[in-house]
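One structure is given here, and the rest of the page talks about it.
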Amino acid sequence: MLKSFHHKTRYNIRLSEKKGVQIKQHTGSDAIEVFYRLFEITSERDRFMILKRSYFDHLWDTLNPKGYCAVFAAYYEGEPLAAILQTIFGGRMTYLYGASSNTHRNLMPNHLVHWRAIEWALGQGLKTYDLWGIPSNPREGHPLWGVYRFKKGFSETETRWIGTFDLVFRPVTHKLFGWGIHTAKSIIRWMRTGNLSSSLEE
Numbered sequence: 797m798l799k800s801f802h803h804k805t806r807y808n809i810r811l812s813e814k815k816g817v818q819i820k821q822h823t824g825s826d827a828i829e830v831f832y833r834l835f836e837i838t839s840e841r842d843r844f845m846i847l848k849r850s851y852f853d854h855l856w857d858t859l860n861p862k863g864y865c866a867v868f869a870a871y872y873e874g875e876p877l878a879a880i881l882q883t884i885f886g887g888r889m890t891y892l893y894g895a896s897s898n899t900h901r902n903l904m905p906n907h908l909v910h911w912r913a914i915e916w917a918l919g920q921g922l923k924t925y926d927l928w929g930i931p932s933n934p935r936e937g938h939p940l941w942g943v944y945r946f947k948k949g950f951s952e953t954e955t956r957w958i959g960t961f962d963l964v965f966r967p968v969t970h971k972l973f974g975w976g977i978h979t980a981k982s983i984i985r986w987m988r989t990g991n992l993s994s995s996l997e998e
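Quick note on numbering: the sequence shown equals residues 797 to 998 in the working numbering.
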């Protein structure tokens with residue numbers, strides 16, 4: 797499987813190992829504490845909105861006792877550098893959220909933490925490692941171009957789903973409601989990040 801990765805991804809994984817980055821799977825109550833601290837740093841650095849800590853606590857408390865959730869974190873000399881929050885269901889592990897610190901980024905902890913998560917998933921008999929979302933129309937200059945290249949380094953396979961659609965019974969109400977929600981979210985995003993639009997919008 798490692799040989800199937802892009803050569804630069806393999807190089808970064810081996811570099812991280814060589815430099816002494818260690819990966820820990822968090823199974824206790826400290827899992828969300830470690831993840832969310834890094835998630836806040838990531839949101840400040842990359843200027844995007846994140847959900848409140850209570851959402852992640854609820855997610856963990858609901859899914860983890862059933863074995864449907866996992867947090868893996870990368871450490872260097874005891875300092876957390878990166879963390880990923882995964883969901884597990886039906887033979888599939890899904891990369892739901894990722895976070896990283898502003899220090900020691902040259903140690904490539906994000907590559908190694910995913911590789912260790914993949915190894916763990918294989919050991920559990922899981923069949924699919926889902927790296928989840930990429931831009932619908934990836935191109936250089938897109939705000940998520942770096943995310944796209946990172947994920948493509950692990951797999952060239954892209955799966956496109958049909959998405960979700962609304963069955964509208966009251967067109968005017970539906971349009972007004974949608975406009976109101978979009979406007980409110982844009983205002984909140986601008987107040988928190990200085991951006992009116994999200995990088996997830998195509």
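Yeah, the Cβ is synthetic: ideal placement off N, Cα and C, and Gly gets one too. These numbers come from a predicted model, not from an experiment.
Secondary structure of residue i, DSSP reduced to three states
i, result
"residue 914", "helix"
"residue 888", "strand"
"residue 926", "strand"
"residue 851", "helix"
"residue 883", "strand"
"residue 999", "A question about residue 999 goes unanswered here, because the residues of the chain that appear run from 797 up to 998."
"residue 800", "helix"
"residue 868", "strand"
"residue 756", "Residue 756 is absent from the model: the chain starts at 797 and stops at 998."
"residue 931", "coil"
"residue 874", "coil"
Distance between residue j and residue i (C-alpha atoms, nearest Å)
i, j, result
"residue 846", "residue 852", "10 angstroms"
"residue 850", "residue 832", "10 angstroms"
"residue 877", "residue 806", "19 angstroms"
"residue 991", "residue 843", "8 angstroms"
"residue 860", "residue 854", "10 angstroms"
"residue 817", "residue 875", "10 angstroms"
"residue 906", "residue 819", "10 angstroms"
"residue 880", "residue 916", "13 angstroms"
"residue 814", "residue 830", "24 angstroms"
"residue 986", "residue 900", "30 angstroms"
"residue 971", "residue 983", "18 angstroms"
"residue 862", "residue 968", "43 angstroms"
"residue 821", "residue 946", "22 angstroms"
"residue 981", "residue 951", "33 angstroms"
"residue 740", "residue 902", "Residue 740 lies beyond the residue range present for the chain, which begins at 797 and ends at 998; the question has no answer from this structure."
"residue 804", "residue 873", "25 angstroms"
"residue 797", "residue 988", "41 angstroms"
"residue 966", "residue 809", "52 angstroms"
"residue 958", "residue 828", "32 angstroms"
Cβ distance (whole Å) where residue i is taken to contact residue j below 8 angstroms
i, j, result
"residue 801", "residue 949", "6 angstroms"
"residue 927", "residue 870", "Wrong, their Cβ atoms sit about 17 angstroms apart, outside the cutoff."
"residue 973", "residue 895", "Incorrect: roughly 32 angstroms between the Cβ atoms, too far for contact."
"residue 925", "residue 934", "So it is not a contact: roughly 20 angstroms between Cβ atoms."
"residue 868", "residue 913", "5 angstroms"
"residue 761", "residue 887", "Only positions 797 to 998 of the chain appear in the structure, and residue 761 is not among them; the question remains open."
"residue 904", "residue 811", "5 angstroms"
Best match in the options for proximity to residue i [C-alpha to C-alpha]
i, options, result
"residue 858", "797, 974, 964, 883", "883"
"residue 840", "966, 897, 901", "897"
"residue 824", "848, 856, 808", "856"
"residue 866", "799, 910, 954, 955", "910"
"residue 893", "931, 838, 958", "838"
"residue 954", "936, 966, 960, 932", "932"
Proximity test, Cβ basis, 9 angstroms: residue i and chain D
i, result
"residue 947", "No chain D is present in this structure, which holds just one protein chain."
Checklist entry - What are the uninterrupted segments assigned as beta strand (DSSP E) that are 3 or more residues long and contained completely in the region 802-842, given in chain order? => result 818-822
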